[in-house]
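One structure below.
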Amino acid sequence: MSGSCNQSPQNYENWSSAAASCARATITDLAPTITRSGHKATGRTEPIKTPQIYATPGDVGDCNPNHDKATEDEKPAEYAAKAICNALRTEPAAGKQLTLSGEALAAETLVVEAAGSCLPGYRGKKKLSDSDRQTLTKFLKNAYGKDSDAFNAKFTTLKPRHKVKIHKGGEVQAVDIVDANTDDEALNAISIILADRAVQIAAAQQTKAAVDSKKSEKCKEDTEESKCTEDADCEHKGGKCKLKEGVKSENDEKTTNTTGINSLVIRSPLLLAFLFLA
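Those letters in the sequence shown? Residues 1 to 278, by UniProt numbering.
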């Protein structure tokens with residue numbers, strides 16, 4: 001850069017006086033020469049590592065012992081290989097083997113909750129009270145039998161002949177319960193049983209209403225006592241003709257007893273629900 005100063009450099013006492021006493025050419029007067037080196041910019045790439053996962057190449061077995069001390073910070077590839085190998089060799093925990101007896105099954109929370117969600121009187125409750133749980137537990141103990149022999153005699157002897165309905169091949173088919181051996185098929189069968197049960201309960205309630213209506217019609221309140229008592233289902237009480245209490249209870253028992261348990265095979269805890277639905 002060309003320029004000039006009006007004093008000798010040794011006379012500059014400070015930067016301000018030096019700058020004020022000097023002049024320089026503009027930047028556009030500069031003409032530097034740019035020399036190309038011939039090098040081209042390249043992107044940096046790391047070599048791809050393929051660490052050996054197992055101890056023996058090509059064979060699934062023990063993990064490579066050379067990776068045992070690898071850490072994520074120092075040797076991330078080897079550390080990842082060790083983690084993958086350990087994950088592949090991890091076996092799922094064995095399922096709990098249920099003891100098929102009333103005492104054991106009634107102690108299982110899953111069984112009690114499944115029963116509570118299916119049986120009338122408990123269905124729809126967000127949480128069972130202590131009294132409800134005690135009553136339900138007692139019912140399950142009696143329903144399943146006091147020991148494994150009683151359970152097998154009640155539930156497993158008819159299993160080859162018991163059918164359940166599932167969606168299969170685009171239609172509802174009846175299959176042996178032993179063939180419904182996946183969770184999806186079990187849930188599908190339970191949903192169909194629930195739908196069928198809902199229809200049965202609705203039909204039973206309609207039948208009860210119709211029976212009560214007919215009984216009430218022939219036991220009209222203003223019927224004379226002599227004519228009222230001619231019908232075995234009617235009684236004259238408190239100056240009125242009415243349906244006998246015993247007849248009402250009998251009808252209620254016939255139309256609302258929907259907690260019966262059929263004989264089914266037990267293949268998994270999920271299928272225990274069949275005992276309350278079918």
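Where a beta carbon is used, it is the ideal one built from N, C-alpha and C, also for glycine.
Within the region 64-90, the complete alpha helix (DSSP H) runs of at least 4 residues fall at 76-89.
Under the Cβ criterion (8 Å, minimum of three pairs), the region 216-230 does not count as touching the region 190-204. By the Cβ neighbour-count rule, T207 is exposed, with fewer than 16 other Cβ atoms within 10 Å of its own. In this structure, the straight-line span from the alpha carbon of L98 to that of A104 is close to 8 Å. If you check the CB distance, E221 and K240 come in under 8 Å. Within its own chain, no residue has a Cβ closer than 6 Å to the Cβ of T56 once the five positions on either side in sequence are excluded. In the DSSP assignment, I166 forms a beta bridge with Q173. Counting C-beta pairs with one atom in each stretch, the region 163-180 and the region 119-131 have fewer than three that are closer than 8 Å, which means they do not touch.
Distance check between T135 and each of P51, N181, V112 and F151 places V112 closest, using alpha-carbon atoms only. Residue pairing by DSSP places L194 opposite no residue, since no beta bridge is assigned to it.
Taking 8 Å as the cut-off, the Cβ atoms of A81 and I48 do not count as close.
Taking the CA atoms as reference points, S148 sits about 42 Å from D62. Per DSSP, the unbroken alpha helix (DSSP H) holding E113 starts and ends at T109 to C118.
Assignment of beta-bridge partners to Y144 by DSSP yields no partner. Boundaries of the beta strand (DSSP E) harbouring K237: C234 to K237, taken from the DSSP string. The beta carbons of I166 and V175 sit closer together than 8 Å. Annotated as distal: A180 and L140, with beta-carbon spacing of 8 Å or more. By the neighbour-count criterion, in which 16 or more other beta carbons inside 10 Å mark a residue as buried, A153 falls on the exposed side. Beta-carbon to beta-carbon, Y122 and D130 are separated by about 13 Å, too far to satisfy the 8 Å threshold.
When the Cα atoms are used, S101 and P76 turn out to be separated by approximately 52 Å.
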